[in-house]
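As you go down the protein sequences, you meet chains V and G in turn.
The first sequence begins at 409 in the working numbering and counts up one residue at a time.
The second sequence begins at 0 in the working numbering and counts up one residue at a time.
Using N, Cα and C, we set each Cβ at its ideal position, and we do this for glycine too.
Since the model is a prediction, treat every value here as computed from it, not as a measurement.
In what follows, a single structure is set out as structure tokens and then discussed.
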Amino acid sequence: MTAARPLAWTKDWRFRALALVFALQVFCSARLGPWIHPTPFSEEKLDKKVPSSLRAVGYLTGFRLLVGQLFWIRVIQYYGDSDNASNRYADLYGYCSLASDLNPNFIPIYPFGASALAFHLKRPLEAERLLQKGIEANPNETRLKLLYAAIAYQNTGQYKKVIPFLEAQVVRGDAPEMLLNILANTYQEAGRPQDAINLWKRILANTDDQATRIEAAQKLQQLYATLKKSHPAP
Amino acid sequence: MNRILQVAFFTYRELIRSNILIVLIVSILAIGSLSFLLSLLSYGDSLKIFTDLGLAGAELAGWMVLLLGLAVTYNTEMDQKAIFLQLAKPVTRGEYLMGRVLGFFAVNLLVVLGNALFLAVMVLAVGGSLPPYFAVSVIFMALEMLVLTFLGLTYQMIATTMVRVVLYTFFTVLLGRMIGEIQWLIEKQSAPFLKGVLTVVYYCLPNLQVFDLKDRIYDPTLVVGFTQWQEVLLYSFSYSAVVFLIGWISLERREFR
């Protein structure tokens, strides 16, 4: 009787049910493979200064979007801090890249980062790389493709092709103010001072930012001077 | 069935009376205002940011209610021996466990759905629109809470102290979130022994990444059709059944003195 006792549990229907349900669970779990980790780890190595621990926190806790949104504010602060201008915002690409890893479908990261990198910091290759990531993650986003093309043309000095793309962005109505500045500067570089003047006037009338106002006023002064030189009064 | 519902109702009332719903009010206020503030500070689609943060907050609130509920009820049920009263009645231990799970889940559902509803109302009130998979992601979150409730209460039946219950549940939740990384390691790792160990771990842990639709809510490649629903529901119920049976067997073998 004592020898039979250790095996008594095998007669319990719950153990058999447990084995059966566990097998079903394993079967279901195996079928769920494609659901898991749909985005592979980025092969690209980040700069050591970029807090990659955040990426780990985002991935491991399952709050990628939450961490991504919090980090995005940090990216904006980084670009807004004039102290970082001393090294030409050297980590901007790394920061934007991490923000896009954490939140790949948050579109504003790409136009913001790429515009700043290409038009302000003159690092078009990094801008193109960022936009490529954005287009891969969001193949239906036409804006990113347009901007990618615009940067590529800008890089090769083909202003006639750049301007329509930038104008299309501005006409949409939700373009960042920076893009308006870029278009105005491109008009100037392409030898269209009157268009540049009109746009700077529009920026001056609509902006709330004091620095942009000063910049717009200076540009207008400069453009009027240029126009005066090229068309002297009779 | 009636006895299960009686225990469920008793558990639900017990949790409500222990002021656990304060978490709901605090989470709605704190997460709502924090999301609003951060969406203003950030650059981009502020409603999208508000929705992302609100969904993450709803899930966090669900986890918090579960952990707090487990801690509070362990104290009353096991330490203060309130379980004796319920088991003295004609209630089997399996019915008792199932009833407790349902009671816990009802409170958890209230918190998650309350947060999600608040979020949806806020977004719609300011003229925004909800992402197409918003409702689906909330349902998936509720399914995750169901699995975690089964798991937490099973731990309550196995563990001998309240701290252990909370720690076991907390770390299982974290490990369940890392299931994708474990899968990645299985694919990378070449040593057969380690591969075997990781595979066992992979199948024993709850696959919480499956329920995490809130992080993929804007993914253009995401498809949630009949097959996906079928797979996720089947997985949720089969995993819950495994955990429930373990909890039931543990409770049957547990001696209360």
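Same chain, Cβ closer than 7 Å to residue i, neighbours up to 5 away in sequence not counted
i        : result
G/Val165 : Leu66, Leu69, Ala70
V/Leu588 : Val578, Leu607, Ile611
V/Arg424 : none
G/Asn107 : Gly61, Val64, Leu65, Met144, Thr148
Interface residues of chain V facing residue i [CB-CB closer than 7 Å]
i        : result
G/Met177 : Leu468
G/Asn107 : Simply none; closest approach about 17 Å.
G/Ser237 : Val429, Leu432, Gln433, Cys436
G/Asn114 : Those do not exist, as G/Asn114 stays about 14 Å from chain V at its closest Cβ, beyond 7 Å.
G/Tyr154 : Simply none; closest approach about 17 Å.
Proximity to residue i [Cα-Cα], best of the options
i        : options                                : result
V/Leu440 : G/Thr10, G/Phe243, G/Ser235, G/Tyr154  : G/Ser235
G/Thr198 : V/Arg551, V/Phe435, V/Phe471           : V/Phe435
G/Ile157 : G/Leu37, G/Arg253, G/Ala60, G/Ser32    : G/Arg253
V/Ile590 : V/Lys637, V/Asn546, V/Leu525, V/Ala633 : V/Leu525
V/Phe520 : V/Gln596, V/Ala438, V/Val570, V/Gln577 : V/Gln577
G/Phe117 : G/Gly31, G/Thr153, G/Met177, G/Gln182  : G/Gly31
G/Val64  : G/Ile27, G/Gly98, G/Ile185             : G/Ile27
G/Leu20  : G/Val172, G/Leu152, G/Val110           : G/Val110
G/Phe133 : G/Met177, G/Val172, G/Leu59, G/Lys47   : G/Lys47
V/Thr594 : V/Tyr486, V/Leu552, V/Ala498, V/Glu575 : V/Glu575
G/Phe149 : G/Phe243, G/Leu36, G/Thr10             : G/Phe243
G/Ser41  : V/Leu552, V/Leu432, V/Arg482, V/His639 : V/Arg482
G/Phe139 : G/Gly61, G/Leu37, G/Arg99              : G/Gly61
V/Ile543 : V/Ala557, V/Gln433, V/Lys530           : V/Ala557
G/Ser34  : V/Leu538, V/Gly470, V/Thr615, V/Gln477 : V/Gln477
Within chain G, partners of residue i - CB distance below 9 Å
i        : result
V/Asn548 : Pro219
V/Ala425 : Ala240, Leu244
V/Leu587 : Correct list: empty, because the minimum Cβ distance to chain G is about 13 Å.
V/Arg439 : Glu230, Leu233, Tyr234
Closer than 8 Å to chain G by CB, residue i
i        : result
V/Cys436 : yes
V/Trp480 : yes
V/Arg580 : no
V/Ile484 : yes
V/Phe527 : no
V/Gln433 : yes
V/Phe573 : no
V/Gln540 : no
V/Gln477 : yes
V/Asn513 : yes
V/Leu474 : yes
V/Leu506 : no
V/Ala532 : Reading off the sequence, residue 532 of chain V comes out as Pro, not Ala. Cβ-Cβ to chain G under 8 Å: no for V/Pro532.
V/Lys568 : no
Short CB-CB distance (under 8 Å) between residue i and chain V
i        : result
G/Ala55  : yes
G/Gly43  : yes
G/Tyr234 : yes
G/Glu282 : Lying outside 0 to 256, the shown extent of chain G, residue 282 of chain G is not represented and no answer is given.
G/Lys213 : yes
G/Leu184 : no
G/Asp78  : no
G/Leu46  : no
G/Tyr11  : no
G/Tyr202 : yes
G/Asn18  : no
G/Asn206 : yes
Spatial neighbours of residue i in its chain, beta-carbon cut-off 6 Å, leaving aside the 5 residues before and after
i        : result
V/Ile605 : Leu631
V/Glu534 : Tyr501, Leu525
G/Ala115 : Ala57, Val137
V/Ala427 : none
V/Trp480 : Ala507
G/Lys213 : Leu54, Ser136
G/Ser38  : Ser45, Ile48, Phe49
Contact set between residue i and chain V, taken where Cβ atoms lie within less than 8 Å
i        : result
G/Pro95  : Pro is not the amino acid found at residue 95 of chain G; the sequence shown has Tyr there. The contacting residues do not exist; G/Tyr95 stays about 15 Å from chain V at best.
G/Trp247 : Arg422
Chain-ordered neighbours of residue i on chain G, where CB pairs are closer than 8 Å
i        : result
V/Pro601 : Here the premise fails: no neighbours, minimum Cβ distance about 31 Å.
Own chain partners of residue i with C-beta closer than 8 Å, once the 5 adjacent residues on each side are dropped
i        : result
G/Leu129 : Thr50, Ala119, Val122, Leu123
G/Val223 : Tyr132, Val135, Leu212
Cross-chain neighbours of residue i in chain V, by beta carbon under 9 Å
i       : result
G/Leu37 : Gln477, Leu478, Ile481
G/Leu52 : Leu473, Leu474, Gln477, Leu478
Cβ-heavy atom distance, residue i to the ligand NAD, below 7 Å
i       : result
G/Ser41 : Absence of the ligand NAD is noted for the structure shown, with no ligands found whatsoever.
Within chain B, partners of residue i - CB distance below 7 Å
i       : result
G/Leu40 : The structure shown contains no chain B; its protein chains are V and G.
Those runs of the alpha helix (DSSP H) which lie wholly inside the stretch 42-83 of chain G and span at least 4 residues | 45-73
Within the stretch 133-189 of chain G, ranges of the alpha helix (DSSP H) (whole runs, at least 4 residues) | 133-157, 161-176, 178-187
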